[in-house]
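Quick note on the numbering used here: the sequence shown kicks off at 549 and runs consecutively.
We treat Cβ as the ideally placed atom computed from N, Cα and C, and that holds for glycine.
This structure is a prediction, so every number in the text was calculated from the model and none was measured.
Only one structure is covered here, and it is reproduced in the block below.
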Amino acid sequence: MSIFRFPLLVWLGIGTLIISLGIRQSFGIFMMPISEHFGTGREFFSFAIALQNLLFGVFQPFVGMAADKWGARRIIIAGACAYGLGLLLTSISTESSMLYVSLGALVGLGLSATSYVIVLGAVAKVVPAEHAAKAFGLTTAAGSFGMFAVIPGAQYMLNEFDWQSAMQVFGVLCCFMISFALFMRAPRSTTNKQVEDNQTLKEALSEAFANKSYWLIHAGFFVCGFHVMFIATHLPSYLADKNLPASSAAMALAYVGIFNIFGSYFWGVMGDKFSKRHVMSALYLVRTVVIGAFVTLPVTESTAAIFGAAIGFCWLGTVPLTSGLVRQIFGARYLSTLYGLVFFTHQVGSFLGAWVGGRIYDYYGSYEPIWWSTVVLAFAAALIHLPINDKPIERLKLAMA
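Okay, structure coming up:
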């Protein structure tokens, strides 16, 4: 199936992700101006972002269940309202502790209702199973385009105005997510409707929890979360410590975004053509080499840009593969719930990546220990995916017989 023949819902979901994840991935360049404004160390901002990511994950299974029951449209509208409110409150905060509520809790709730779990769950119900990974890859790439488009704009606003104005502009952008959601319509008869629709939520959860491969998927996605939020949150400060200009960090993150556009789609297509578990292992081996090389080589504007491009190519390629694995093994009926639980584990990794990065820096005065930890975790994740049994469970085999 050509991507241009995908249903309208797919493209509305893409628009939602461009805004939601584009804003989220730009928070790293706010660390220094916000920390300086409130006169705090980096751990303060790191913990606010870590809390945001942890709550993003905590809320995810519940909003996933709600989306499976009431549809993605209502959930995205509610999430966009929470997201925008959190950003606006952040911009007018006079006490640093308020950021734990605004940038942490409210934005975390908003993200959980406007990002991959909800959008991919909706996409899975309107796209044929044999094209699911490709559709997931295309949708995932949208978040990367948002990163490429939003981060340079955010850096421009920080240079020309202040961080409060940038947050207010982001808050207004959330209104567009509401507009996209208003046009989302659940299909009258889904492409993938099977006997699995008769399964209850409790049965689906029991089935997944008893499956060893499901927990291996959790473990691998934990590593992804750790990598993504550590790099997104701390790369700008790491480059600043190496005496590189702020524009280098913004450009490196923009390269992450633009190369992930191609990478997410590439890994999604590979997941349709080859075993998803083997493709996932290959992706983590690439991360191992890329991060190891970056930490070993001298840090310059050129190596920062190359690192951004290389890590960007395998940045969120895990999303179409992980969601594709869950769908392939357990079916599409409760994908938002089951993938939501996996995403919670991802966000536990994100919490630790964002917070521990700042903690390590404040304690040692260096990011080197945490960088090498990410190399070890990447190699471990490559091994974790090899024993996963990615064949559909017996219930689905009987349904398709």
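Assuming residue i is part of the alpha helix (DSSP H), what are its boundary residues?
{"i": "Ile567", "result": "556-572"}
{"i": "Asp910", "result": "883-912"}
{"i": "Leu636", "result": "620-639"}
{"i": "Phe578", "result": "Per DSSP, Phe578 belongs to no alpha helix (DSSP H) and is neither H nor E."}
{"i": "Glu755", "result": "749-757"}
{"i": "Tyr664", "result": "664-672"}
{"i": "Arg875", "result": "866-878"}
{"i": "Val720", "result": "711-730"}
{"i": "Gly860", "result": "849-861"}
For a test of the three-state rule: what should DSSP assign to residue i, helix, strand or coil?
{"i": "Thr588", "result": "coil"}
{"i": "Lys790", "result": "coil"}
{"i": "Leu934", "result": "coil"}
{"i": "Val827", "result": "helix"}
{"i": "Thr781", "result": "helix"}
{"i": "Leu845", "result": "coil"}
{"i": "Val776", "result": "helix"}
{"i": "Pro609", "result": "helix"}
{"i": "Pro700", "result": "helix"}
{"i": "Arg943", "result": "helix"}
{"i": "Arg835", "result": "helix"}
{"i": "Val655", "result": "helix"}
{"i": "Phe693", "result": "helix"}
{"i": "Glu643", "result": "coil"}
{"i": "Val675", "result": "coil"}
{"i": "Phe822", "result": "coil"}
{"i": "Tyr915", "result": "coil"}
Hey, does residue i have any beta-carbon neighbour from chain E nearer than 8 Å?
{"i": "Ile566", "result": "Looking for chain E here will not work: only one protein chain is present."}
Please report the straight-line C-alpha distance between residue i and residue j, rounded to a whole angstrom.
{"i": "Ala661", "j": "Arg621", "result": "10 Å"}
{"i": "Ser795", "j": "Gln712", "result": "19 Å"}
{"i": "Phe757", "j": "Leu603", "result": "22 Å"}
{"i": "Lys821", "j": "Ala681", "result": "9 Å"}
{"i": "Cys629", "j": "Phe718", "result": "12 Å"}
{"i": "Met705", "j": "Val874", "result": "40 Å"}
{"i": "Ser914", "j": "Met828", "result": "31 Å"}
{"i": "Phe731", "j": "Phe892", "result": "28 Å"}
{"i": "Ala752", "j": "Arg881", "result": "9 Å"}
{"i": "Gly607", "j": "Leu654", "result": "The amino acid at residue 607 is misidentified as Gly; the sequence shows Phe. Taking the straight line joining both Cα atoms gives about 11 Å."}
{"i": "Ala928", "j": "Leu749", "result": "32 Å"}
{"i": "Glu643", "j": "Ile562", "result": "35 Å"}
{"i": "Phe774", "j": "Arg733", "result": "35 Å"}
{"i": "Asn937", "j": "Tyr887", "result": "17 Å"}
{"i": "Gly897", "j": "Ile918", "result": "13 Å"}
{"i": "Ala841", "j": "Val923", "result": "10 Å"}
{"i": "Thr885", "j": "Ile623", "result": "13 Å"}
{"i": "Val674", "j": "Pro555", "result": "7 Å"}
{"i": "Phe878", "j": "Ile941", "result": "6 Å"}
{"i": "Val698", "j": "Ala690", "result": "12 Å"}
{"i": "Ala853", "j": "Met799", "result": "7 Å"}
{"i": "Leu944", "j": "Gln876", "result": "9 Å"}
{"i": "Ala857", "j": "Ile571", "result": "19 Å"}
{"i": "Pro609", "j": "Gly669", "result": "12 Å"}
{"i": "Ile806", "j": "Ile932", "result": "28 Å"}
{"i": "Tyr762", "j": "Val890", "result": "8 Å"}
{"i": "Trp920", "j": "Phe709", "result": "37 Å"}
{"i": "His679", "j": "Gln895", "result": "27 Å"}
Cβ pair count under 8 Å reaching 3, the stretch 814-825 against the stretch 675-689: For the pair of segments examined, the stretch 814-825 was found to touch the stretch 675-689: the number of CB pairs separated by less than 8 Å reaches three.
Inter-stretch contact (C-beta, 8 Å, three-pair minimum) for the stretch 776-788 and the stretch 571-586: Enough Cβ pairs lie closer than 8 Å, so yes.
Contact between the stretch 864-878 and the stretch 757-771 (3+ Cβ pairs under 8 Å): With a cut-off of 8 Å, the stretch 757-771 and the stretch 864-878 count as touching, because enough Cβ pairs lie within range.
Cβ pair count under 8 Å reaching 3, the stretch 902-909 against the stretch 796-814: The stretch 902-909, when compared against the stretch 796-814, does not touch it at the 8 Å Cβ threshold.
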